[in-house]
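Just so you know, we're using the numbering used here here: the sequence shown kicks off at 65 and counts up by one.
Scroll down for the structure; my scribbles are underneath it.
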Amino acid sequence: MSARIDVVSIFPDYLAPLELSLVGKARQRGIVDIAVHDLRDWTTDRHRTVDDTPFGGGAGMVMRPDVWGDALDEVLQAGPDGGAAPGGRVLLVPTPAGQPFTQRTAEELAGVLADGGQVAIACGRYEGIDSRITEHYAARHDVQVREVSIGDYVLNGGEVAALVVIEAVVRLLPGVLGNAASVIEESHGTDGLLEHPSYTQPPTWRDLEVPEILRSGDHGRIARWRRERAVERTAQVRPDLLATHPVTVRAARRGDAEVLAELAAATFRLACPPDMSEEDMAAYVQEHLTLERFRGYLKDGRRWLLVAEVVGAVVGYTMSIMGEPTDPEIAAAVPTRPTAELSKFYVRAALHRSGAASALMEATLAMARERGLPGIWLGVNGQNERARRFYGKHGFERVGGRTFTVGSRRESDDVMYRTL
Ligand code: ADE
């Protein structure tokens, strides 16, 4: 059973690219039957007129409903299975005033076609088609009318939008793409993320290296890296797409040591003063944030580590440590006992506005309460205004200061405390 697409336009030649590439091949192989019609074939006057001035005045011309009606009545009788269209009929009208055309729309239309349905596309020009056309066909029980926009900009007509819709839909039809997984992995696939970055030969090009992990042959690590980059890119470029995915927080497990060490190395600089040298940061990471260190932290009963995940990628972590502060300055400043230090609190920069940090903080405080602590403290760099504001918003107050060493530098922290 072949899928059937009809396009009606005053510029049928505009749709010539449908002969090419993947769509052209799908037509040759009989997977989809695409018919392009010239709207002027349904005109009755000598000048083959398709438009007229708008009632009520205004610039531009409006396309006449009588010509369109005759064309669409005829076209909507066509279809697979001798015109029966068992999958139903969709009249698709591209217009900047339509609903956004998305991958979900493409999937729905591919579903109609795969069931032996028909998609008829009416390409308007000028100021659009007389509105009675959509009113009339929407009232027909056997036709579903969909007005769609391919983006918030204005084209000269619906032909380019029709090409976009057809290409997005036809590649989803069974048998068109060789590899079904490529449909799922690509941007706007099933989990609604943008695609991870991709690389091929050569391994070094103009001093730019392919990330080492992709050449490791370790499929588990590669899959994890790709998911992390997809989540990160989506958060940076299209945070609106992430808004529908919940942030989840869970206790870190022994098996998370590698993820945590990588995340810690990537995020440590976020808490450093802006003038700290690369060498000093690297030295700190080498000393405190290695895989071995995290293996040790995860085994230590005095510590609790939590991770925040978005679509299965770890995007942030916290580590708290039970016990009396060893630094006398801090011991004097922290007012209650027993106590714990919120020692590490990091979220990937791209996800700072995703809700991950607040979810991590709430879970961290809940764990501290479960342990019966009256209060918890933390040290935050005096220059890290963003972090101090965040902790302030979550009920921490400055109770003192402390100085410590990172590499070759003396740093000064604020000590902040929160009653639980
Ligand atoms: N016709 C003109 N502009 C359009 C757009 N942005 N989307 C769909 N059809 C259109």
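Positions of the beta carbon are idealized from the N, C-alpha and C atoms, including for glycine.
Candidates the options, of which the one nearest residue i by Cα
i       : options                               : result
Pro-129 : Gly-143, Thr-107, Gly-122 and Ala-123 : Thr-107
Val-114 : Val-72, Thr-169, Ile-230 and Gly-439  : Val-72
Arg-196 : Arg-357, Phe-119 and His-416          : Phe-119
Leu-437 : Glu-475, Glu-426 and Arg-482          : Arg-482
Ala-427 : Ala-413, Met-383, Ser-418 and Gly-464 : Met-383
Ala-432 : Asn-448, Ile-277, Leu-370 and Ile-394 : Leu-370
Gly-143 : Ala-184, Ala-174 and Pro-158          : Ala-184
Asp-134 : Asp-102, Thr-354, Pro-389 and Arg-293 : Asp-102
Leu-86  : Pro-238, Gly-464, Pro-399 and Arg-357 : Pro-238
Glu-343 : Ser-472, Ala-315 and Arg-112          : Ser-472
Ser-213 : Ile-385, Val-157, Leu-362 and Arg-91  : Val-157
Tyr-381 : Pro-164, Tyr-410 and Ala-395          : Tyr-410
Gln-167 : Gly-175, Pro-160 and Glu-393          : Gly-175
Lys-457 : Val-378, Met-425, Arg-466 and Gly-439 : Met-425
Asp-116 : Gly-419, Ala-316, Val-444 and Tyr-190 : Tyr-190
Gly-151 : Glu-273, Leu-362, Asp-206 and Ile-277 : Asp-206
Pro-337 : Arg-450, Ser-422 and Pro-399          : Arg-450
Arg-435 : Gly-122, Phe-460, Thr-390 and Gly-365 : Gly-365
Pro-81  : Ile-230, Arg-104, Gln-141 and Glu-138 : Ile-230
Leu-241 : Ala-123, Glu-322, Gln-265 and Gly-88  : Gly-88
Gln-182 : Gln-141, Glu-475 and Thr-268          : Gln-141
His-309 : Ala-372, Thr-400 and Gly-124          : Ala-372
Arg-293 : Gln-208, Ser-407, Arg-412 and Ala-335 : Arg-412
Asn-448 : Ala-396, Asp-179, Val-479 and Ala-232 : Val-479
Val-378 : Glu-273, Ser-418, Trp-132 and Val-444 : Ser-418
Ile-193 : Glu-171, Ala-67, Pro-160 and Asp-216  : Pro-160
Thr-298 : His-252, Gly-387, Ala-170 and Gln-92  : His-252
Reduced DSSP secondary structure (H/G/I, E/B, other) of residue i
i       : result
Glu-388 : coil
Ile-98  : strand
Val-207 : strand
Tyr-201 : helix
Glu-259 : coil
Glu-273 : strand
Ile-74  : coil
Thr-312 : strand
Phe-468 : strand
Ala-115 : The question names Ala, but residue 115 in the sequence shown is Asp. Of the three classes helix, strand and coil, the one that applies to Asp-115 here is strand, per DSSP.
Val-126 : strand
Thr-264 : coil
Phe-252 : In the sequence on display, residue 252 carries His and not Phe. Three-state result, His-252: coil.
Ala-307 : coil
Pro-240 : Checking the sequence, you will find Val at residue 240 rather than Pro. Val-240 falls in the coil class under three-state DSSP.
Asp-109 : coil
Leu-353 : coil
Arg-279 : helix
Gln-300 : helix
Arg-235 : coil
Asp-194 : coil
Asp-339 : coil
Ala-347 : helix
Gly-147 : helix
Leu-334 : helix
Gln-141 : coil
Gly-319 : helix
Leu-362 : helix
Gly-133 : helix
Gly-456 : helix
Leu-84  : coil
Gly-284 : helix
Bridge partners - residue i, DSSP secondary structure assignment
i       : result
Trp-368 : Ser-384
Ser-213 : Pro-164
Gly-221 : Arg-189
Val-176 : DSSP lists no partner for Val-176.
Glu-461 : Tyr-481
Glu-373 : Thr-312 and Val-378
Ser-476 : Thr-467
Leu-155 : Ala-184 and Val-209
Arg-68  : Asp-97 and Gln-182
- [ ] Can you check the region 383–450 for any beta strand (DSSP E) of at least 3 residues that lies completely inside it and give the ranges in chain order?
- [x] 404–411 and 439–445
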